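The structure under discussion appears below in the form of structure tokens.
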Amino acid sequence: MILEAQQVHYTYHDGTNALQGTDIAIPKGQFVILLGSNGSGKTTLFKVITGLLKPGRGEIRVDGRPIKEYSKEELYRKIGFVFQDPNDQLFAPTVGEDVAFGPVNLKLDSAEVARRVKAALEMVGIPHLLNKPIHYLSYGQKKRASIAGVLAMKPEVIILDEPTAGLDPAGAREIMRLLVKLNKEERITIFMATHDVDLVPLYADRVFVLFKGGILLAGTPQEVFNQKERLRNAQLRLPRVAHLGEILFKKDNLLIDKLPLTIGEARRMVISAVKREGERHAR
Amino acid sequence: MILEAQQVHYTYHDGTNALQGTDIAIPKGQFVILLGSNGSGKTTLFKVITGLLKPGRGEIRVDGRPIKEYSKEELYRKIGFVFQDPNDQLFAPTVGEDVAFGPVNLKLDSAEVARRVKAALEMVGIPHLLNKPIHYLSYGQKKRASIAGVLAMKPEVIILDEPTAGLDPAGAREIMRLLVKLNKEERITIFMATHDVDLVPLYADRVFVLFKGGILLAGTPQEVFNQKERLRNAQLRLPRVAHLGEILFKKDNLLIDKLPLTIGEARRMVISAVKREGERHAR
Amino acid sequence: MHIQDGFLVGKWAVGWYGAASVFVAKGLYDIAERSKKALMFKPLLGLVGAAVFFISLLPIPVPITGTSSHPAGTPMAAILVGPFVSMILGVIALILQALLFAHGGLTTLGANAFSMGLMGSLASYGMFRLGRKMGLSLGIAACLAGIVGDLAVYVTTSLQLATGMPGTHGMSVGKAFMTFFVLFMPTQLPLALLEGLVTGGMVSYIARVRPDILRNLGIIKESHGEEAGNEA
Amino acid sequence: MVGEAYLAVDAIAQKDNVFTRMDARVKVILSIVTLGAVIGLPGSRLQLGVFVLAILSMLAVKIPFRLIFSRLLPPLALGTVVFWVMVFFQEGRQMFILDIAGLKLAGYWEGFYLGTTVLARIAGSVAMLMLLSFTTPIHELGYALIWLRVPRVIVEILLLTYRYLFVLWDEGMRIRQAQTLRLGYPAWRKISGWKQAIRSTATLMGMVFIRAYDRAESTFSAMQVRAYNGNITGYDFKNWSKLQTKYLVSSLIVLFVLVVVSV
Ligand SMILES: Nc1ncnc2c1ncn2[C@@H]1O[C@H](COP(=O)(O)OP(=O)(O)OP(=O)(O)O)[C@@H](O)[C@H]1O
Ligand SMILES: Nc1ncnc2c1ncn2[C@@H]1O[C@H](COP(=O)(O)OP(=O)(O)OP(=O)(O)O)[C@@H](O)[C@H]1O
Ligand SMILES: [Mg+2]
Ligand SMILES: [Mg+2]
């Protein structure tokens, strides 16, 4: 487990209990999605597990060791955190300087810093923007630049708060593909928050559903989406094709072996239903 | 036509041509969606048709009259504009004061102001938040309050910039239902921008697809989504169930009469495909 | 109100640089001390600087003359972060204004930093503290601070021009001062009033909406609640 | 709207040309020396020479004339006022007499010389500074300032301020537009309208300040997760090419020639 939170509680100054006994465990190398409605506590959880907020009760472990035992440098070499709004994160005047910020703080020598900046920008696909001032970037480019800033620290796990929020379908797909690439090729554990349920079955190895500061459901996408009622109670819904499958199963008595979560699965479901009907009549 | 834009051009100071000959016409009483990817010019178009930005070339007409002939008061009694981020729009300390801001500036007497505030808050379903400080509202509540602030001016058309952005599925559905109610019951014309294609077939009477500052496609959802290639070129995609229908039609030679756009239509499509297969074998 | 490049003779331009630098050093020391206590202080200053700069770009119509003017923002900064740190923000704003709008200049930076940055901040901050001690409400104290701050800038600048402008050596300093003082009166008096109104309005708005910010900055006392208006 | 056009300076400084390719330190040193000469030396020929050279350089790299002109106008207008004030009030040898409705106004040579000097100094220094800012992005300027031993903290805050000015500008303008749509800025010629406009302005300022504060918190968090230790510009990322001595030396020679010719 690269990241663990055990019975974590967090209360804001104004008395909001944002986390109430949250438990998570993120295995190394996986692609994990934290699903939760507005105000369920996703951002708060991320801030607690990255050490930005101190939990009231409970313990955080990074790579098996309690977070308290880490120095800042050690900790942020292991975990990277990409904020939801890239404007919060890109504070340097140009892309290159921003990406260099972390490595410089790690006291690397300047040749190594330059190498890391270059590598990080190439990984996210914007090496040509090296000297561009931040305010000339589009939203999607800002998003990439902010991921590069975290990548340059070579973390083992990257935590991303709603990385596709505000992006159009094409932009969202590109960012998700980038994350998959980082996960598969660079073997970086990905832990991201979203409330876009349609994304989950396409990318996640594991899902946690957060509701009112507690983990309501956890497991593979298939396991989680089988608990339709609990999902709906958590202000979420099924992916659209799963919803279609559910209706066909419940209202039209179409025989399906499992809930289709992706378009591919739905296609197979329809084909086999059609085939079965043919066979039934052939007999 | 309550709103018309004819060959509108707009260029920002830094030389970005955000609108390049945009044409739209919004019939009274309809629910119209403006679909466009990031940077396609949706927000700019809204600002131009609400008179916040002066177009470089082209003409805007509101209810048949050129926008230039309107005084500010007349104009903003007719059109309301709800910004994407409710935080930009809620400036008073409490919900009640904020909703009253517009009516007070219309110089209505205080009894009428109070009446309008109450009515607006009831329409959006948050009358109990009248005296709440804005700071304590959730994102969804802020969204509703910002719509109430515009409703209190009793506009004939409400323009909304990505009203569901940042909301979880339940929150998004609630806002969309609210808009449908305003459209059907209060007969307010709705003109909203989004890049969530799945929303379009569920709600829109008419769709405009904006791309690089020009209208690429216009028509009913069915007409627009039949032009798959042009949609993809505009960085958009089909609704997920339509995508499923397309694959079944193209790759699996399943006979479908028209592209399903909603889950209901997809369900009918599957049922009839299954039935047809049964009949084929029965013959 | 800034002195344009070219309005001051060389020795005075250098002299004001010297005078201002002493207080800049004090400002830098304050920043270092407060950063030690809270690392967030530097990013906070960057953002406050941006906000104050934004404020100084806002046009406000002046009804009598039909023109528009813009607030300076110095009094606001002084109230929020204290006089010497506010002076540093003033220096930064002056550099940016010189570069972006050809407003002010580099040779007169010292003089402008002294008048707008230091004297404006000190007067505003002093007035605000005094007003609060006298039991005035936040809004009124901030309003007075805005007026006094702008007046202090106006008086200092007139003095700087009277002493340092080429060709003023013939006149007595007093006469020259009066000339400039009267010359700028029609624009500077309404501006000071405007500055007061918006500074007061802004502070009382923040106190109503987000009293926690004023508490964190040490402007109002911990959870006193008196200013907080209708805090829930 | 005032501000947006002002910020266009930055976009122009991004364009690629002879001057933008030059090392920022060269430009800064050159500007300082030139400003010193313009302000410190007597007469007006050198100043006008600098003015003409700077304007020609700007036109040569295709900076829009309209922009140059609009930026020059306010300081030059101010300078012209000063010029006339001096002509009439700096008594000495009489130059001419104006007879306006029986009121005799005398202009003087001393005032004329002095006024010309001031006007020329303003023109020269403003043009020089404009050339610098139209050809140097602020962040490069910042690093040049650090190199020139300007306290690092000032430059760090300057760069943060500059970066977030754009963000706050966008946010502030949106708020202002939202206020406009609900009639927050009615016709300000009437007293009631003006009062409302002032109130809206104060609210807008308050909101922008609150945004700034909240963003400072988030930005600070973002810095922390990248191991922030108190230094924002720890390292000049851009590998400074060797100070371009040839540019510096040749420009200084031009300046020297100008000085010799004009004094
Ligand atoms: N600074 C704060 N002070 C007080 N309460 C807060 C603060 N930040 C968040 N909260 C509250 O804590 C709860 C959890 O908020 P959080 O931001 O973690 O939710 P989230 O899941 O990230 O939501 P979203 O999807 O809207 O980003 C909410 O009820 C929220 O109102
Ligand atoms: N203030 C501005 N100055 C310069 N360019 C701008 C400005 N605002 C927007 N643009 C540019 O104009 C184009 C259209 O922007 P606009 O915000 O209208 O797009 P949008 O369709 O609303 O996008 P999104 O989905 O991201 O909100 C983009 O290329 C954008 O970069
Ligand atoms: Mg969040
Ligand atoms: Mg937009």
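Chains as they are written, first to last, in this note's numbering: chain A, 1 to 283; chain B, 284 to 566; chain C, 567 to 798; chain D, 799 to 1061.
Glycine residues also receive a C-beta, built at the ideal position from the N, C-alpha and C atoms.
Nothing here was measured: the structure is a model prediction, and the numbers come from that model.
Use the C-beta contact count for B:M552: other C-beta atoms within 10 angstroms, 16 or more gives buried, fewer gives exposed. Counting Cβ neighbours within 10 Å, B:M552 comes out buried, since at least 16 surround it.
Closer than 9 Å between beta carbons: that is the criterion. Which residues of the segment 714 to 727 of chain C meet it against chain D? Cβ contacts with chain D: none found.
What do you get for D:K813, buried or exposed, if any count of 16 or more other CB atoms within 10 angstroms of its CB means buried? By the 10 Å Cβ count, D:K813 comes out exposed.
Of the listed residues B:T305, B:H292, B:Y293, B:G449, nearest to B:A501 (C-alpha basis): Among B:T305, B:H292, B:Y293, B:G449, the Cα nearest to that of B:A501 belongs to B:T305.
Taking the alpha-carbon positions, what's the C:G581 to C:G676 distance? Within the model, the alpha-carbon separation for C:G581 versus C:G676 is close to 8 Å.
Terminal residues of the beta strand (DSSP E) in which A:L217 lies: Where A:L217 is concerned, the enclosing beta strand (DSSP E) stretches over 214 to 219.
Which residue marks the beginning of the alpha helix (DSSP H) containing B:H411, and which one marks its end? First-last for B:H411: undefined, no H or E at that position.
Residues of the segment 954 to 988 of chain D with Cβ closer than 8 Å to any Cβ of chain A, in chain order: Those would be L957, L958, Y960, R961, Y962, F964, V965, in chain order.
Between which two residues does the beta strand (DSSP E) harbouring D:I895 extend? Annotation: the continuous beta strand (DSSP E) that includes D:I895 extends over 892 to 898.
Using the Cβ count rule (16 or more neighbours within 10 Å means buried), how would you classify B:K361? B:K361 should be labelled buried.
Any chance the CB of A:T43 is under 6 Å from a heavy atom of ligand 3? Indeed, a heavy atom of ligand 3 lies less than 6 Å from the Cβ.
Counting only the same chain and skipping the five closest in sequence on each side, list residues whose C-beta sits under 7 Å from that of D:V807. Exclusion of the five residues before and after D:V807 leaves S931, F932 as the residues of its chain whose Cβ lies within less than 7 Å of its Cβ.
Evaluate the contact criterion for the segment 770 to 783 of chain C versus the segment 820 to 834 of chain D: three or more CB pairs, one atom per stretch, below 8 Å. Between the segment 770 to 783 of chain C and the segment 820 to 834 of chain D there are fewer than three C-beta pairs closer than 8 Å, too few to call the two in contact.
Distance check for A:P86 and D:G970, CA to CA, integer angstroms please. D:G970 and A:P86 have their alpha carbons spaced roughly 18 Å apart.
Is it buried or exposed for A:P239, if we count other Cβ within 10 angstroms and need 16 for buried? The residue is buried, with at least 16 neighbouring Cβ atoms inside 10 Å.
I'd like to know if A:H135 contacts chain D, where contact means its C-beta is closer than 7 Å to some C-beta of that chain. Taking Cβ atoms only, chain D reaches closer than 7 Å to A:H135, which makes this a yes.
Sort B:A487, B:I343, B:L465 by Cα distance to B:E506 and report the nearest one. B:E506 has its Cα closest to that of B:A487, out of B:A487, B:I343, B:L465.
Cut-off 7 Å between Cβ atoms - residues of its own chain near A:Q6, not counting five sequence neighbours on either side: For A:Q6, same chain residues with a beta-carbon under 7 Å away, outside a window of 5 residues either side, are D23, G58, E59 in chain order.
Just how far apart, CA to CA, sit B:E380 and A:V99? CA-CA distance, B:E380 to A:V99, rounds to 44 Å.
Proximity test, Cβ basis, 7 Å: B:R643 and chain A: Given a span of 284 to 566 for chain B in the structure shown, any question on residue 643 of chain B remains unanswerable.
Distance between D:T959 and B:D444 (C-alpha atoms, nearest Å): Roughly 29 Å between the two C-alpha positions.
For C:L702, which residues in the same chain have their Cβ closer than 8 Å to its Cβ, ignoring the five residues on either side in sequence? So the list reads L710, once near-sequence residues are dropped.
On the criterion of 16 or more Cβ atoms from any shown chain inside 10 Å, does D:T878 qualify as buried, or is it exposed? D:T878 comes out exposed.
Could you give the first and the last residue of the continuous alpha helix (DSSP H) run that contains B:I546? For B:I546, the uninterrupted alpha helix (DSSP H) run begins and ends at 546 to 565, by DSSP.
Distance between C:K787 and B:D392 (C-alpha atoms, nearest Å): Rounded to the nearest angstrom, the two C-alpha atoms are 39 Å apart.
How close, in whole Å, do the beta carbons of D:L946 and B:F364 come, if the pair is a contact with beta carbons under 8 Å? Going by Cβ atoms, the distance from D:L946 to B:F364 rounds to 48 Å, so no, they are not a contact pair.
C:F744, DSSP secondary structure in three states: In the sequence as displayed, the identity of residue 744 of chain C is Met instead of Phe. The DSSP-derived three-state label of C:M744 is helix.
Looking only at its chain, what residues have a beta carbon closer than 8 Å to the beta carbon of D:F1035, apart from the 5 residues adjacent to it on each side? Residue placement at D:F1035 cannot be trusted, given a pLDDT of 44 that sits under 50; the coordinates are not used to answer.
Taking only beta carbons into account, state which residues of the segment 516 to 533 of chain B come closer than 7 Å to chain E, listed in chain order. Absence of chain E from the displayed structure is noted, the protein chains being A, B, C and D.
Below-7 Å beta-carbon distance, A:G39 vs any chain D residue: With 7 Å as the cut-off, A:G39 does not count as an interface residue toward chain D.
May I have the straight-line CA-CA distance separating D:P840 from C:I597, to the nearest angstrom? In this structure, the straight-line span from the alpha carbon of D:P840 to that of C:I597 is close to 40 Å.
Could you give the residue range of the alpha helix (DSSP H) that holds D:L1053? 1043 to 1060 is the extent of the alpha helix (DSSP H) around D:L1053.
Cβ pair C:A718, C:A689 closer than 7 Å: Yes, the pair counts as a contact, with Cβ atoms nearer than the cut-off.
The alpha helix (DSSP H) spanning C:A677 covers which residue range? In the DSSP assignment, C:A677 falls within the unbroken alpha helix (DSSP H) covering 675 to 678.
Pull up the distance between the alpha-carbon of B:Y422 and that of C:V748, whole angstroms please. B:Y422 and C:V748: Cα-Cα distance of roughly 53 Å.
Under three-state DSSP, which class holds A:R230? DSSP places A:R230 within a helical segment (H, G or I) once states are collapsed to three.
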